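Chemist:
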Amino acid sequence: MPGLGASFGRGAATGYQQDMANSDCILIMGSNMAEAHPVGFRWPMRAREKGAQLIHVDPHFSRTSAMCQTYVAVRAGGDIAFLGAIVNYILTNDKWFKEYVLAYTNAAIVVQEGYEDAEDLGGIFSGYEPETRSYNADKGRWGYAGSEADVCQRDARDGARGPVEQGLGGTGKTGSGQRETAATAEGTSQHGHGLMGLASGQTRNRAANIVPPPDGKIERDESLQHPRCVFQLLKKHFSRYTPETAAQICGCKPEEIIKVAELLCQNSGRERTSMIVYALGWTQHTTGVQTIRCAGIIQLLLGNMGRPGGGIMAMRGHSTIQGSTDIPTLYDSLPGYLPQPASIEQHRSLKAYCEFEGLAAGYWANTPKFMVSLLKAYYGDAATKENDFRYDWLPRIDGDYSQLPFFNSMAQGNVDGYFLFGQNPAAGGPNAGLHRAGLRQLKWLVVLDWFEIETACFWKNDPKGPPPGDVGTEVFFFPVPPITAKEGCFTNTQRLIQWHDRAVDPEEDCRSDLWFVWNLGRRLKELYAGSTRPQDQAIQALTWDYAYDEEPRLADGSVSRIENEPDAAKVLQEINGHSLVERDEKTGKRRLLRAFSECKDDGTTSCGGWIYSGVFPSYDRNRARERIVTKNPVQPNWGYAWPNNRRIMYNRASADPQGRPWSTRKQYIWWDEQAKRWVGPDEPDFEPAKPPDYRPPQGARGMAAIAGDQPFIMHPDGLGWLFAPATTKDGPFPTHYEPVESPVSNPLYKQEDNPTARYFQGPLNVIAHTPESEYPIIATTYRLTEHYLSGPMSRFNSWLNELQPAMFAEISPELAAERGIVHGGWCTIHSPRGTINARAMVTKRMKPLVIAGRTIHQIGLPFHWGFSGESVGSQTNDLIPIVADPNVSMHEAKAFTCDVRAGEVPQIEPKPNYPFAPWPVRGMVPQTPRSGQPEGQVGR
Amino acid sequence: MTFKLPIVGDGVAAQLLERTREMAVEVIGDLPNAFPPRWTEVPQPADHGGDARQIMGFFTDTTLCIGCKACEVACKQWNQLPAEGMNFTGYSYDNTARLSATTWRHVAFKEKIGEDDAAGISRWLMMSDVCKHCQSAPCQHACPTGAIIYNEFGDVYVQGDICNGCGYCVVACPFGVIERSDHVAGIPADGHAHKCTLCYDRQAEGMTPACAKSCPTASIQFGSVDDLRAKARQRVNELRERGNDKAYLYGCDSVGDYGPLNSFFLLEDHPNEYNLPENPPQPFDGQGKRYAASLAVGAGLAMVAAMIFGGGGRRGR
């Protein structure tokens, strides 16, 4: 997990998009927000109109760059060097927010003796084990001095995962993600999915490095002078990341970096706040998590966390990718970021699991309550205290079943069948050719989608594939309606759960994904109803009662014609949780939980996803469905944000250690001495009545161990982590490594690329190792406003296709001249994974960079095209290597090498399999005279 | 022998023209009044006899446009206009290229990378273009059937059932907005003139036009033109105070000699960069002279004919 979790405790965007309007300076980096999130981009625009500075740092000049006052062109893959130079600037020029850093970060904490930095070991931290290409944080002595006494118990106890940490990071778009791959992966309906995540169960990091033994104490040095205190280590680590060095790595000018650093520093402090925005431009690197960590360090040093207009906005790759990690589609995670039990000794029983996964201090001490309530939600009355709440029925993971290893295994013929919802791996998966090779080995494949996407027709339309007769996969394609014909909720980039109603019934035999899953489950239960085998008990006991109590009605009041559609509200109620002993006064049904604080570990509550608890506090109130605009600028009654409707997380940090706002201009949550409560426009992300001067007694555990001035409550020490003593698998500090495929070498360290990156070598996934003269050009990928991911929801719509009708590559005039490529003509792009065609968009928006005296060319590739649709084109994802970040197994799509030539390869150019339909939808408006029909109807 | 057309101010021909004009005035009255009214005389919405309404229009602020093209798609969807085809034009990110009978909002892109001033600032101009709903609309003047009218919202509106497809409006429009529909993908079209209606149907229901409604950054604003003009002037002042001395309004008051536009723009560069005319011609300016010239030519030709054929006639008699 990831960057945000390691820095702050939860891996989710720390604020909300509307809050961007309150910012004084917004650094957008690794995100093309104006194009990928055009609606949300109104808020940065509003900030700009109020006088804020907008900065865009990106390899290509995009629509986002055009909106920002400052734009810096950099080489793809230089992000940590760039951000490191900002850290260096802040420290060298003494611009850090001293009170904030001292009180709310681990700057003063002393690290164990024996820790050695990458600066000392040529780019590797202490604790590296070359055989496994991984770090042993214990051996590397990454922990806090004073936690050692606990070391012997450590293995037994903590997996410090940052809990929700996985969330953001983990998921994707945002993130640090664990998982989505939006750039390459995608989905058509709503899910994100995990690309490949490493099993979290076994790989949780050790957090015990942080918690002192009951009778011990963590060593601190408030003067920040101790040579092993975090602050001094940080200074030393970034001492060589000068603007000059970083500029050399990034191919920009040192003044440009200094300008960005100055803007951030000028707009931070008591009176002002700066925000950092990123998306997959940061996550899709082998160093993605550490890039986000670096941003976290900057925001902690400048005191921007937990404050209005501050924080880090992780922009998600598609709708409800946040939701699909909260209530996960990931193989290694249970709802609410509880790890899926693994076949390891520490997970052998519920008690062992809770001891191992729960943290001694901080909010995760509540793990048993959430886990027991989840089991009660799954298995109902069959789960009792006596039978360990049927913890033994939960499947155990015994390996890595994330997307990439799974497809890799599929390509080797190890998988028989596959259900696919809202995803398009044949075009959207990284190294999509390998994904198609996997699909061709299946016996059967079920695809549910709105359109016949590449993954549904790979057997007949893939121009690079074998003849259809040679493909043995039987494909079942189920048409699914668009969201207007199904109800449910989305969880967006800012953790906001928003309900949508079913406006109309699905057409013909289209059925919602929910319909499919519920009815599949019902049939399975029917199938196993009479079984007496122990392994079938779980499916027999599974609670599966989602039928409507009354006939479902559409928005216009008419009765729906769809039979056996489940009631989505009941699903959300189950996620919200019930009391199993109390009754609702009005309805007589089981009372709904009002907040996750009501969850119990004795089996008297059920809760299908603790972090969402409170979204459905009573049967007549679905808070996700509320759209109430109030005078409160935070708009707490517009949808519902987990956790507990908090819009800015860690907002305790918006007040000083004594509980007073840092400034009137930036006041948000503060301590009201009369009321003895934290008050403000938002929900406090803190125990509401814990006073600022609360100090935990010796040996305190759980939330009692968090002091009244420690805002980062998910961390066992309550602090923001400049130094990550746990959680990240590739080092406690961000370090510049070259991308795995890079035409330049690392000027800072002997170690070229991330020493813990994961490789998946094979004939379908050849890597061009550094530096490779055959592939001298850097390629990066991105999205256009006009299309959606690999195009499943846009390339079947002529109104969108006419706006961007062809796959193109953005090439600088200099490179075009060198290669004889003509603007508007064809070019081919080659990587060791394949070749694609593209139209050449020769533009000065791409510019060659001079790095180490050499001219380095970069090209930009949108990844929206595939071989199925009205608009078709070569798939950028066919070029992308599969190499993975060690924390979240995110692949590296944003910086890889290729070659570009003029011309095209006609054999691989797909033909449209859907005819051009000028009207994506067309029909006369019923009961309306001709004169009242839309012009386009009348005119033709 | 070459025949030289009489040109205004050209010696004998000029005298001839002047004489013809005098004759014309005698016949049909004072010329300027005989030709379409100038913009100051355009019927106001109140003239429609119903309740007095305000003139409604658009203010498109290009400094806020992020080039998302939501307006283009929302317009097509609401009005059920067909996509025109899939043509990779190479004009930056602009693949619909122009306003047409079936594209009523069009987002133009102009890359100016490192070209501006000494600092080498890069800009990418984006601008959502639309019918200007001129206060004195040449298309309306040119329409011989009365199909083009000012509706009760003061907007220039083509009545599809009255239009006969003559195309006079197409050549009259100095902005290249209005166009006759042509077949798309083999589907026949009526050949009538079409353009932005300023979502007449939505306005009639009290709704905001689709493009303005869909604009995420308020680059397209809809409202009464009086309010919009005040807002726009204030906006320019604000931008200038912030140091953006390039910002100016196009069509808020008038463009050169051309009257104000009810759909006007805030631009940051020369109008030509946005494919807008710096000085849009009002085709009916000088129309009197052109009519007179035509009469003069006619008269001249008649005289020549008389000289040639008249004599012959006598001979033949």
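In the order they appear, the protein sequences are chains U and D.
Residue 466 in my numbering is what sits at position 466 of the first sequence, and the numbering runs on without skipping anything.
With positions in the second sequence counted from 1, the corresponding number in my numbering is that position plus 940.
C-beta atoms are modelled at their ideal positions from N, C-alpha and C, and glycine is treated no differently.
No experiment lies behind these values; they were computed from the predicted model shown.
1. Which runs of the alpha helix (DSSP H) at least 4 residues long sit entirely within the stretch 698-762 of chain U? Give them in chain order.
2. Report yes or no: do the stretch 207-222 of chain U and the stretch 62-76 of chain U share at least 3 C-beta pairs separated by less than 8 Å?
3. What number of angstroms, rounded off, separates the C-alpha of U/G699 from the C-alpha of U/V211?
4. I want to verify the contact list: residues of chain D whose CB lies under 8 Å from the CB of U/V39, in sequence order.
5. List, in order along the chain, the chain U residues whose C-beta lies closer than 7 Å to that of D/E1024?
6. Residue range of the beta strand (DSSP E) that U/L849 falls in?
7. In the DSSP assignment, what residue or residues form a beta bridge with U/F808?
8. Quick one: what does DSSP say U/H60 is sitting in, helix, strand or coil?
9. Short of 6 Å in beta carbon distance, which residues of its chain neighbour U/V230, apart from the five on each side in sequence? Order them along the chain.
10. Output needed for U/H857: all residues of its chain with C-beta closer than 6 Å, excluding positions within five of it in sequence on either side, in chain order.
11. Please report how far the alpha carbon of U/G720 lies from the alpha carbon of U/A342, in whole angstroms.
12. Got a sec? Which residues, its chain only, sit under 7 Å from U/K259 by beta carbon, not counting five neighbours each side?
13. Evaluate U/W518 with the Cβ neighbour count: other Cβ atoms within 10 Å of its Cβ, from every protein chain shown; 16 or more gives buried, anything less gives exposed.
14. With a cut-off of 8 Å, do at least 3 Cβ pairs link the stretch 451-459 of chain U to the stretch 864-875 of chain U?
15. Taking the Cβ atom as the reference point for each residue, do U/G309 and U/M275 lie within a distance shorter than 9 Å?
16. Using a Cβ cut-off of 7 Å, which residues of the stretch 991-1006 of chain D contact any Cβ in chain U, in chain order?
17. Below 7 Å between beta carbons is the criterion; list the residues of the stretch 42-69 of chain U that meet it against any residue of chain D, in chain order.
18. Please confirm whether D/C1071 and D/V1096 have their CB atoms less than 9 Å apart.
19. Between which two residues does the beta strand (DSSP E) holding U/P862 run?
20. Is there a Cβ from chain U that is less than 9 Å from the Cβ of D/T1036?
21. Would you say D/F1028 reaches chain U, if we count a Cβ-Cβ gap shorter than 9 Å as a contact?
22. Taking just the CA atoms, how far does D/N1027 sit from U/E904?
23. Using 9 Å as the limit for Cβ to Cβ distance, is U/L83 near chain D?
24. Tell me U/W364's beta-bridge partners as DSSP assigns them.
25. Taking 9 Å as the cut-off, decide whether the C-beta atoms of U/S874 and U/M807 are in contact.
26. With DSSP run on the structure shown, which of helix, strand or coil describes D/A1158?
27. Please list, in chain order, the chain U residues whose beta carbon lies closer than 9 Å to that of D/Q1075.
28. Where U/N492 and U/Y278 are concerned, what is the direct C-alpha to C-alpha distance, given to the nearest angstrom?
29. Could you name the residues of chain D that U/Q937 contacts, counting a contact when the two beta carbons are closer than 7 Å?
30. Would you mind listing the alpha helix (DSSP H) stretches within the stretch 1072-1134 of chain D that are 4+ residues and don't spill past its ends, in chain order?
31. So is D/Q1174 in contact with chain U if we call contact Cβ pairs under 9 Å?
32. What residues of chain D sit near U/W799, judged by a beta carbon separation below 7 Å?
33. Taking only three categories from DSSP, how would you classify U/P661?
34. Can you pull the chain U residues whose beta carbon is under 7 Å from the beta carbon of D/T1137, in chain order?
35. Return helix, strand or coil for U/F97, following the three-state DSSP convention.
36. In chain order, what residues of the stretch 478-501 of chain U put their CB closer than 7 Å to some CB of chain D?
Modeler: Walking through what the data contain:
1. none
2. Counting Cβ pairs under 8 Å, fewer than three are found: no touch.
3. 10 Å
4. P1156
5. E802
6. L849 to I851
7. U/R839
8. Correct three-state label for U/H60: coil.
9. N106, A107, I109, L722 and F723
10. I777, L815 and P848
11. 30 Å
12. T70
13. buried
14. yes
15. yes
16. L1004 and I1006
17. R42, M45, F61, R63, A66 and M67
18. yes
19. Q858 to P862
20. yes
21. yes
22. 18 Å
23. Closer than 9 Å: no.
24. For U/W364, which the question treats as bridged, DSSP gives no partner whatsoever.
25. yes
26. coil
27. Residues of chain U passing the Cβ test: none, with the nearest at roughly 23 Å.
28. 15 Å
29. Q1020
30. 1078-1082 and 1108-1112
31. The beta carbon of D/Q1174 sits no closer than 9 Å to any beta carbon of chain U.
32. V1013, K1016, Q1017 and A1023
33. strand
34. E935
35. Here U/F97 sits in coil by DSSP.
36. none
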